[in-house]
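Numbering (the numbering used here), first residue to last: -17 to 199.
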């Protein structure tokens, strides 16, 4: 059984603005999502890929990845919520690769929890903040068709570093470690990346400034 620690964190409201969908805080301030900001990272490469394979194929691949990612996220969330979990045939291999890593998690502070930061002027929904191997970490669950290197996922580290700041701002509890748990097609073991928040938050702040200049918010 996973132990859960309650925090009284205010709910946010998603609203549509001229700059796109934003999160509205209890004070009425509106912030873009952390994923919108990190979406600027590698955007040129993504556009080049879409052009190379064509819009129809790019959309098909994106839909498949999103659907698979949502299913695996739900399995992780249910499992950590102490619910009975059964993966379907298509997700069995991915799920079995993640279970040993999920069993290293306990004392959960956040699970699919909305957070925001007035310092970073950003908001979003974090996958999980909990102890991983005994140390409080921001934990992100990912799926991939291929093995990825650290250089492929800089945006994941920037994103989780922002969540670490948001959580500390809301609760006063510092989180210095970032953990990416990634299931990979046809691989029996999940890929695990562990990074330090302070190695990535500077890059996120720079990207946030770029986003503000481009979007005006």
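For each residue, glycine too, the CB sits at the ideal point set by N, CA and C.
Might you give, ordered along the chain, the residues of its own chain that have their beta carbon closer than 7 Å to the beta carbon of residue i, omitting 5 neighbours on each side?
i	result
residue 59	93 and 94
residue 107	94, 95 and 96
For residue i versus residue j, is the C-beta spacing smaller than 8 Å?
i	j	result
residue 120	residue 153	no
residue 161	residue 114	yes
residue 175	residue 127	no
residue 129	residue 169	yes
residue 138	residue 13	no
residue 80	residue 172	yes
residue -16	residue 87	yes
residue 140	residue 20	yes
Please state whether DSSP places residue i in a helix, a strand or coil.
i	result
residue 43	For residue 43, the pLDDT reaches just 43, beneath the cut-off of 50, and the residue's location in the model is therefore unreliable, although a value from the coordinates is still provided. It is helical.
residue 147	helix
residue 68	coil
residue 62	helix
residue 81	helix
residue 35	For residue 35, the predicted structure reports a pLDDT of 49, less than 50, and the residue's modelled location is therefore unreliable. A value from the coordinates is still provided. In this structure, residue 35 counts as helix in the three-state DSSP scheme.
residue 152	helix
residue 54	helix
residue 196	helix
residue 132	helix
residue 184	helix
residue 73	helix
residue 26	A caution first: residue 26 carries a pLDDT of 49, below 50, which makes its placement in the model unreliable, though a value can still be read off. Helix at residue 26.
residue 19	helix
residue 137	helix
Who are the near neighbours of residue i in its chain, counting only those whose CB is closer than 6 Å to its CB and skipping five residues on each side?
i	result
residue -9	152
residue 146	120, 157 and 179
residue 41	Only weak support exists for where residue 41 lies, its pLDDT of 48 falling under 50; the coordinates are left without a value.
Consider the C-beta atom of residue i and the heavy atoms of the ligand ZN; say whether any pair is separated by less than 7 Å.
i	result
residue 130	Ligands are entirely absent from the displayed structure, and the ligand ZN is therefore not among its contents.
Would you list the residues sitting across from residue i in a DSSP beta bridge?
i	result
residue 200	The displayed coordinates of the chain run from -17 to 199. Any statement about residue 200 would go beyond what the structure contains.
residue 118	113
residue 14	4
residue -4	5
residue 106	97
residue 90	-14
residue 163	123 and 174
Looking only at its chain, what residues have a beta carbon closer than 8 Å to the beta carbon of residue i, apart from the 5 residues adjacent to it on each side?
i	result
residue 22	189, 192, 193 and 196
residue 84	58, 61, 62 and 163
residue -4	3, 4, 5 and 6
Report the residue from the options whose alpha carbon sits nearest the alpha carbon of residue i.
i	options	result
residue 149	105, 136 and 138	105
residue 17	168, 136, 181 and 166	136
residue 91	172, 139, 183 and 155	155
residue 103	8, 15 and -15	15
residue 125	198, 65 and 78	78
residue 183	11, 101 and 51	101
residue 167	74, 9 and 181	74
residue 76	-13, 109 and 123	123
residue 117	134, 109, 89 and 65	89
residue 64	-1, 181, 82 and -14	-14
residue 109	51, 9 and 72	51
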